Amino acid sequence: MTYFVYLIGSYRKRKLITYVGYTNNLNYRIEKHNNGKGAKFTKGRNWKLMYFEKYKTKKKAMSREYYIKNNRGFRDLLKNKYK
(Lines of atoms letter the chains of each structure in order from A and count residues from 1; the text may use other names and numbers.)
(Lines give C-alpha, C1' and ligand atoms only; values in the text may rest on other atoms or scores of the structure.)
Protein backbone atom coordinates (compact mmCIF):
# COMPACT_ATOMS: atom_id res chain seq x y z
CA MET A 1 0.00 0.00 0.00
CA THR A 2 1.15 3.54 -0.70
CA TYR A 3 1.13 6.28 1.92
CA PHE A 4 1.46 10.03 1.52
CA VAL A 5 2.81 12.74 3.78
CA TYR A 6 1.23 16.05 2.89
CA LEU A 7 1.31 19.73 3.71
CA ILE A 8 -1.85 21.75 3.21
CA GLY A 9 -2.22 25.49 3.57
CA SER A 10 -4.93 28.05 4.16
CA TYR A 11 -4.84 31.82 4.52
CA ARG A 12 -6.25 33.34 7.69
CA LYS A 13 -6.12 37.12 7.90
CA ARG A 14 -3.35 37.21 5.26
CA LYS A 15 -1.25 34.70 7.22
CA LEU A 16 -0.53 31.28 5.74
CA ILE A 17 -1.50 28.51 8.17
CA THR A 18 -0.24 24.99 7.45
CA TYR A 19 -1.09 21.47 8.54
CA VAL A 20 0.97 18.30 8.07
CA GLY A 21 -0.53 14.82 7.98
CA TYR A 22 -0.27 11.37 6.44
CA THR A 23 -2.80 9.19 4.66
CA ASN A 24 -3.18 6.32 2.22
CA ASN A 25 -5.74 8.24 0.09
CA LEU A 26 -4.60 11.81 -0.52
CA ASN A 27 -7.58 13.18 -2.48
CA TYR A 28 -10.12 11.75 -0.04
CA ARG A 29 -8.21 13.12 2.97
CA ILE A 30 -8.01 16.67 1.58
CA GLU A 31 -11.70 16.52 0.72
CA LYS A 32 -12.43 15.53 4.34
CA HIS A 33 -10.36 18.48 5.62
CA ASN A 34 -12.30 20.88 3.39
CA ASN A 35 -15.66 19.40 4.46
CA GLY A 36 -14.93 19.90 8.16
CA LYS A 37 -14.48 16.20 8.86
CA GLY A 38 -10.70 16.11 9.07
CA ALA A 39 -8.54 16.93 12.06
CA LYS A 40 -10.03 19.35 14.59
CA PHE A 41 -7.43 22.01 13.72
CA THR A 42 -8.45 22.03 10.06
CA LYS A 43 -12.18 22.62 10.49
CA GLY A 44 -13.73 25.76 9.03
CA ARG A 45 -11.00 26.60 6.51
CA ASN A 46 -10.47 26.10 2.80
CA TRP A 47 -7.29 24.02 2.35
CA LYS A 48 -5.02 23.69 -0.67
CA LEU A 49 -2.44 20.96 -1.15
CA MET A 50 0.99 22.57 -1.11
CA TYR A 51 3.37 19.60 -0.94
CA PHE A 52 3.37 15.82 -0.66
CA GLU A 53 5.74 12.87 -0.56
CA LYS A 54 5.02 9.20 -1.32
CA TYR A 55 6.10 6.22 0.83
CA LYS A 56 5.74 2.44 0.60
CA THR A 57 5.13 1.84 4.31
CA LYS A 58 3.01 3.49 6.97
CA LYS A 59 5.96 3.51 9.35
CA LYS A 60 8.11 5.57 6.97
CA ALA A 61 5.25 7.99 6.29
CA MET A 62 4.60 8.48 10.01
CA SER A 63 8.30 9.05 10.65
CA ARG A 64 8.51 11.66 7.90
CA GLU A 65 5.32 13.38 9.11
CA TYR A 66 6.85 13.66 12.59
CA TYR A 67 10.03 15.14 11.11
CA ILE A 68 8.18 17.76 9.07
CA LYS A 69 5.88 18.71 11.95
CA ASN A 70 8.81 19.24 14.29
CA ASN A 71 11.32 20.81 11.90
CA ARG A 72 10.15 24.42 11.67
CA GLY A 73 12.97 25.37 9.29
CA PHE A 74 11.97 22.76 6.71
CA ARG A 75 8.29 23.62 7.08
CA ASP A 76 9.00 27.34 6.64
CA LEU A 77 11.07 26.54 3.54
CA LEU A 78 8.06 24.73 2.05
CA LYS A 79 5.72 27.57 3.00
CA ASN A 80 7.97 30.20 1.39
CA LYS A 81 8.34 28.11 -1.76
CA TYR A 82 4.59 27.86 -2.29
CA LYS A 83 3.35 31.27 -1.11
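First residue of the sequence shown: 14, per my numbering; consecutive thereafter.
No residue lacks a Cβ here, since even glycine has one placed at the ideal position from N, Cα and C.
Please read all numbers here as calculations on a predicted model, not as lab measurements.
Integer Cβ distance of residue i from residue j, believed to fall under 8 Å
| i | j | result |
| --- | --- | --- |
| L91 | Y64 | 5 Å |
Contact check, residue i vs residue j, beta carbons under 8 Å
| i | j | result |
| --- | --- | --- |
| Y16 | T31 | no |
| G34 | E78 | yes |
| V18 | A74 | yes |
| I81 | W60 | no |
| R58 | R88 | no |
Coarse secondary structure for residue i, derived from DSSP in three states
| i | result |
| --- | --- |
| M63 | strand |
| G49 | coil |
| G57 | coil |
| R27 | coil |
Buried versus exposed, by CB contacts within 10 Å (16 or more), residue i
| i | result |
| --- | --- |
| G86 | exposed |
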